[in-house]
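Protein chains in written order, with the working numbering: chain A, 1 to 324; chain B, 1001 to 1324; chain C, 2001 to 2324; chain D, 3001 to 3324. We put the beta carbon where it would ideally sit given N, CA and C, even for glycine. Scroll down for the structure; my scribbles are underneath it.
There are 4 protein chains.
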Amino acid sequence: MASVAVLGAAGYAGAVAAGLLHRHPEFELEHVTARSDAGARLDEVHPRSRVPLVLEEPTTDLDVDAAVVAYPHGAAAPVVAELLGRGIRVVDLSADFRIHDLHTYEQWYGEHGAPGHLAEAVYGLPELHRDEIRAARLVANPGCYPTAAILALAPLAREAAIGDCVIDAKSGVSGAGREPTHGKHFVTVDETVMPYKVGAHRHTPEIEQELGGELRVTFTPHLVPLSHGELVSCYVSPARELDARRAVEAAYADERWVEVVEGPPGMQEVRETNFCRISVHADPRTGRIIVFATIDNLYKGTSSQAVQNLNLMFGLDESLGLPG
Amino acid sequence: MASVAVLGAAGYAGAVAAGLLHRHPEFELEHVTARSDAGARLDEVHPRSRVPLVLEEPTTDLDVDAAVVAYPHGAAAPVVAELLGRGIRVVDLSADFRIHDLHTYEQWYGEHGAPGHLAEAVYGLPELHRDEIRAARLVANPGCYPTAAILALAPLAREAAIGDCVIDAKSGVSGAGREPTHGKHFVTVDETVMPYKVGAHRHTPEIEQELGGELRVTFTPHLVPLSHGELVSCYVSPARELDARRAVEAAYADERWVEVVEGPPGMQEVRETNFCRISVHADPRTGRIIVFATIDNLYKGTSSQAVQNLNLMFGLDESLGLPG
Amino acid sequence: MASVAVLGAAGYAGAVAAGLLHRHPEFELEHVTARSDAGARLDEVHPRSRVPLVLEEPTTDLDVDAAVVAYPHGAAAPVVAELLGRGIRVVDLSADFRIHDLHTYEQWYGEHGAPGHLAEAVYGLPELHRDEIRAARLVANPGCYPTAAILALAPLAREAAIGDCVIDAKSGVSGAGREPTHGKHFVTVDETVMPYKVGAHRHTPEIEQELGGELRVTFTPHLVPLSHGELVSCYVSPARELDARRAVEAAYADERWVEVVEGPPGMQEVRETNFCRISVHADPRTGRIIVFATIDNLYKGTSSQAVQNLNLMFGLDESLGLPG
Amino acid sequence: MASVAVLGAAGYAGAVAAGLLHRHPEFELEHVTARSDAGARLDEVHPRSRVPLVLEEPTTDLDVDAAVVAYPHGAAAPVVAELLGRGIRVVDLSADFRIHDLHTYEQWYGEHGAPGHLAEAVYGLPELHRDEIRAARLVANPGCYPTAAILALAPLAREAAIGDCVIDAKSGVSGAGREPTHGKHFVTVDETVMPYKVGAHRHTPEIEQELGGELRVTFTPHLVPLSHGELVSCYVSPARELDARRAVEAAYADERWVEVVEGPPGMQEVRETNFCRISVHADPRTGRIIVFATIDNLYKGTSSQAVQNLNLMFGLDESLGLPG
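Here's what the structure looks like:
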């Protein structure tokens, strides 16, 4: 039984990860840390987590086999480096190790806090990089939007079938984090849909990297009045003829957590599970291919995917302890 | 003071139209009709309408100057023909007279019930067809999605600046009508976003007609968990260089009900008003132009626009009695 | 391994019960039936159930050890009688066998379809009637409101401490069932709170029976804009002095699925679990005791409680296969 | 035409008041002030207000006939005193001048900042105190919950018919103000109902004062997942026999803004209007009287009621410029 810690467990993603690991048959959750709520029990701050551990002050002085780091980008990198230095395997939920190219990272995020570890980091999308994840000691857990968008589009990108691509994404509010802001106030979000970071969202380079690196996509996220769930609507102008639906089905024929369905998938169908649901459609009048993918941003989009990665890193059945 | 009737006043759109006309300084609302709720007072069925008139059985035997017809497509055409035959001016909320080309209509909607009146019908988007509306006796009130999409895109289409276009639309549930169905059940809609009629929504030809007729667009509506409000996110691959924002601003510089704003517009800002709010953005990495437009689907998207059209048809100040 | 069937599995409650039983370690779900969706796979109608069985036409000609009957009251009784006649143990989700007194039943519900089985039916609230449930072949699963209200109030009723009681209840829309009606249309429910069946809700006699039978309570349910979850706010004028909080804590000290908490409990904390959360407060100015209880109406309020009952009826660990 | 200022116009209530006064036929809105957003135009901060005035730094150095003060309690009192000192008539939205008894005020709110003005303040519920409001230079605008609760119960209190009373209130989130907090985060509020300040809400003494001062009520507010709207469910044990419905109808027979309706009233029916809707029911089994009242907390519950008061104070038609 491997021992694990979750650093930053008072946020939404950290709390879900802690809850899954606390009930995991092969991991022993030994520590949870938090800056703001240290001293409180995690199940007081997040009752649904049902984790009775006390939140400890942030530290890397931990004697565990693995850690999930749920820190903001920038803050994560040095902490990850310290943990690795202690021989602890890490799944990092931040963006700090997702972008392989340091220059691209710095364009979007500013200076990198531990560039020496970039080379060894593996992009933690099991359906694309399973073997590298198994061998990794540092896994960069994908962003929530990229998880859905890449799963939707990778089978087409692999076939060089994407000429051009618009990704119109819709996300519930938990994707924006737990810190109270005017933009997450109930009254602000209720009864509206709000596009944000138009032409400038930091998940864009991550999506492009995993689709091959050459393609430039238009990616526009929208905030919708619901708590969790994410849908990406991907509009592809095909670069060549291809049975898109068959290509997507073939890509995931052996994947337990990706389901290709007939009709457009709904967020409720994947809520609080590790599933991604995808459907593929043709627009007969323009020849465009339309791919929808939906996930729960806190599960397959973040925390249950982190557990999926940990399972792989520790040689366990990939699906152990995953909800759904 | 002109007398008016609203036929089909028990639906959402009919009730809003009746409410606006009941409080209009230059129209006298004399009759409201309904199939299912005949005999009840309109303000019992729709308290917010605050119209104390009794819903009458459906009839065209009316002695009024004008009528708003809020019937489903197919059912509307013969009724409109009868009203015109009695010398009553009509604003038709259905799709029956929006498509000029009979063949296109029949492809999307089936047989037409009064093709003889197609030629005289004017597409009732005042910002595009104000002068024709003034002279019309039959105005085909635009669909809700087309209202937003055409207002967003017409200034670019006019400049032949649209090479290619994806319209990803989000609508509240009132846009789907008042009849109870499984798809409008609260539990179905809550906590999800649902694409529907992918590649096949009947508002597509209407949008294309008003953008010039040659362009083919990909139009995908999504149902979102809110009551009213509509947002279209339009992704344009430009056919030529153009200052898109300036073109849109210029197009609406003198329009009271179209506001071009800096940031993405929110549905709350236009709720229960006749306003359309538009913003224009560039995606620097792909060169794409992104135009957002938001309306209240029951107001500028349907019923307050119908009153705007009636104002024009009767030589009144176009803005009389419009909310906002 | 006992074999089970769920009759009426296309409704919300039936689908949840089927999902729990399909994944239960000691039951084998062999049949699911439905009137309206027969022929479809249950996971097509209710994707979240993840039950790949085909819905069969309604029948009682089943060779199973137990059945969960998810029929409306009135329709359930004769079906339950037939199943019992075949030697099948039954958990009935309807109200048909909850009221011990035939006369009271008929006052509230009309004629009873199988009065001969009333005497053997056990009211299926395990925290109150665990031993009788273990021995029962017919368990009447409690209503959702009564589950929360009785768990909140029984410890006080047992001490004869309730002089007078108002129960103001709030429920999500799934409690009203899956059939589309105007009252469950998204637009009707959104942005409002609706009291209904004021002074006349059929759960009233059920609550009164379990609180001892003498007390008369005012019970007023309200529909709130959310999918599932239920909160009862109980206002008790005490009949005698009592440390109400201590009495409630003592009553549930050994109960796994009832949690007495400090602050008012939230629906999110129990969503999709078998938990009931209760808090007890004093109003210092009036001397009133206020007890809040929250459950998920489809889980502890219906279907996971049905599984809890089945576990008891089959001599299993009461908590086997229960979510939370 | 009287000139007015709104102090604290960047909050929800201030912005609504400013919008109504900006479009009022007999008032000229000359100044809007705000602490946090000074320098911005009000219609940028609150687009729906459609007030193009620039928010000024907080000041009382104003040359206006009247002011609406939208400050928190405690902060309001000294500002109100200064304004009165300058000869400016004031409607104060805070609690500072609602409680006539200084001792009671201080028990609930702490030290009072301008006790010398308590005696002249009039409680601004026009349906109860119309004549005094007409003569007042300081009106204490009622709290939102008290507005609904007092309108529901005053006709019974006046007849000494209330033996005992429980008020279970439900409010949308705008009632909690605009400042972002964890409790108003969308994810916290969504899909739950949250009782708060149980037995301790500061609106309690205000309700009791206006019901006669002797009665002690149990008042429990609940936060519900919607933006604006408030419902109070009042459970009255009658002190004597009375036709409650007739008493309530008689009390409001001549009131334009209070509507007594048959069935339970819905928040949507009064949204963004100055209406209060009330229904009266009997619980035949317990003899209890149940009264529901619903308002929009930002309109009749605060800002349109403030305008109603201003109309009275300036000898205008009470309903001038009120929405609905």
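Among the CB atoms of chain D, none fall inside 9 Å of the CB of GLU1249 (chain B).
Neighbours of THR181 (chain A) in chain D, taken as residues at a C-beta separation under 9 Å, are given in chain order as PRO3180 and HIS3185. Between GLU2030 (chain C) and VAL2004 (chain C), the C-beta gap is smaller than 9 Å, which places the two residues in contact.
The Cβ neighbour count for HIS2073 (chain C), taken over all protein chains shown within 10 Å, is at least 16; the residue is labelled buried. Look at the segment 264 to 284 of chain A: the residues with a C-beta under 8 Å from a C-beta of chain B are PRO264, GLY266, MET267, GLN268, ARG271, HIS281, ALA282, ASP283 and PRO284. From the listed residues D:GLU3120, D:HIS3182, D:ALA3009 and D:GLY3116, the smallest Cα separation to ARG3050 (chain D) is found for D:ALA3009. Scanning its chain for C-beta atoms nearer than 7 Å, with the 5 sequence neighbours on each side dropped, one finds around HIS2182 (chain C) the residues THR2188, in chain order. In the displayed model, THR3218 (chain D) falls within a strand according to three-state DSSP.
Taking 9 Å as the threshold, the shortest C-beta distance from GLU255 (chain A) to chain C does not fall below it. Here the alpha carbon of GLY1324 (chain B) sits roughly 21 Å from the alpha carbon of MET194 (chain A). In this structure, the beta-carbon distance from TYR299 (chain A) to ILE207 (chain A) does not fall below 9 Å.
Taking C-beta separations shorter than 6 Å and ignoring five residues to either side along the sequence, the partners of LEU3021 (chain D) in its chain run VAL3004, PHE3027 and LEU3029, following chain order. ASP2168 (chain C) is not a Cβ neighbour of CYS2276 (chain C), given a cutoff of 9 Å. DSSP places HIS3100 (chain D) in the coil class of the three-state scheme, outside both helix and strand.
In chain D, no part has a C-beta under 7 Å from the C-beta of GLY2143 (chain C); the shortest such distance is about 17 Å. Any Cβ of chain D closer than 9 Å to the Cβ of PRO225 (chain A) would place that residue at the interface, and such an atom is present.
Taking 4 residues as the minimum length, the alpha helix (DSSP H) runs contained wholly in the segment 171 to 206 of chain A are 186 to 189, in order along the chain. Shown here for ALA1017 (chain B): same chain residues with a beta carbon closer than 6 Å to its own, the five before and five after excluded, namely VAL1006, VAL1068, SER1303 and ALA1306 in chain order. By the C-beta density criterion, LEU1102 (chain B) is exposed, having fewer than 16 other C-beta atoms within 10 angstroms. Ranked by how close their Cα comes to the Cα of THR2286 (chain C), the residues C:GLN2107, C:ASP2063 and C:PRO2238 have C:PRO2238 in first place.
Interface annotation for the segment 1087 to 1102 of chain B against chain A: empty, criterion Cβ-Cβ distance under 9 Å. The CB of SER233 (chain A) never comes closer than 8 Å to any CB in chain D; the least such distance is about 22 Å.
When only Cα atoms are considered, THR1273 (chain B) and GLY1175 (chain B) end up about 15 Å apart. The Cβ neighbour count for PRO1265 (chain B), taken over all protein chains shown within 10 Å, is at least 16; the residue is labelled buried. Within 7 Å of the CB of PRO1323 (chain B), no CB atom of chain D is found; the nearest one sits about 10 Å away. Taking 9 Å as the cut-off, the Cβ atoms of TRP1257 (chain B) and PRO1126 (chain B) count as close.
Here ALA157 (chain A) has LEU211 and GLY212 as same chain residues with Cβ atoms under 6 Å from its own Cβ, once five neighbours each way along the sequence are excluded. GLU2191 (chain C) belongs to the set of residues whose beta carbon lies under 9 Å from a beta carbon in chain B. In chain order, ALA5, VAL6, LEU7, GLY8, ALA9, LEU55, GLU56, GLU57, PRO58 and THR59 place their CB closer than 8 Å to the CB of THR33 (chain A), counting only its own chain and leaving out the 5 sequence neighbours on each side. In its chain, beyond the 5 residues on either side, HIS24, PRO25, GLU26 and ASN311 have a beta carbon closer than 7 Å to the beta carbon of LEU320 (chain A).
Taking every protein chain shown into account, the CB of GLU1111 (chain B) has fewer than 16 other CB atoms within 10 angstroms, so this residue is exposed. Not a single C-beta of chain D is nearer than 9 Å to the C-beta of ARG2048 (chain C). Listed in chain order, the beta strand (DSSP E) elements of length 3 or more contained wholly in the segment 1130 to 1163 of chain B are 1138 to 1140.
Under DSSP, SER1237 (chain B) takes part in a beta bridge, and its partners are B:ASP1164. At a cut-off of 9 Å between C-beta atoms, TYR12 (chain A) counts as an interface residue with respect to chain D. For TYR1071 (chain B), the closest alpha carbon among the candidates B:GLY1177, B:VAL1122, B:LEU1128 and B:ARG1137 is that of B:GLY1177.
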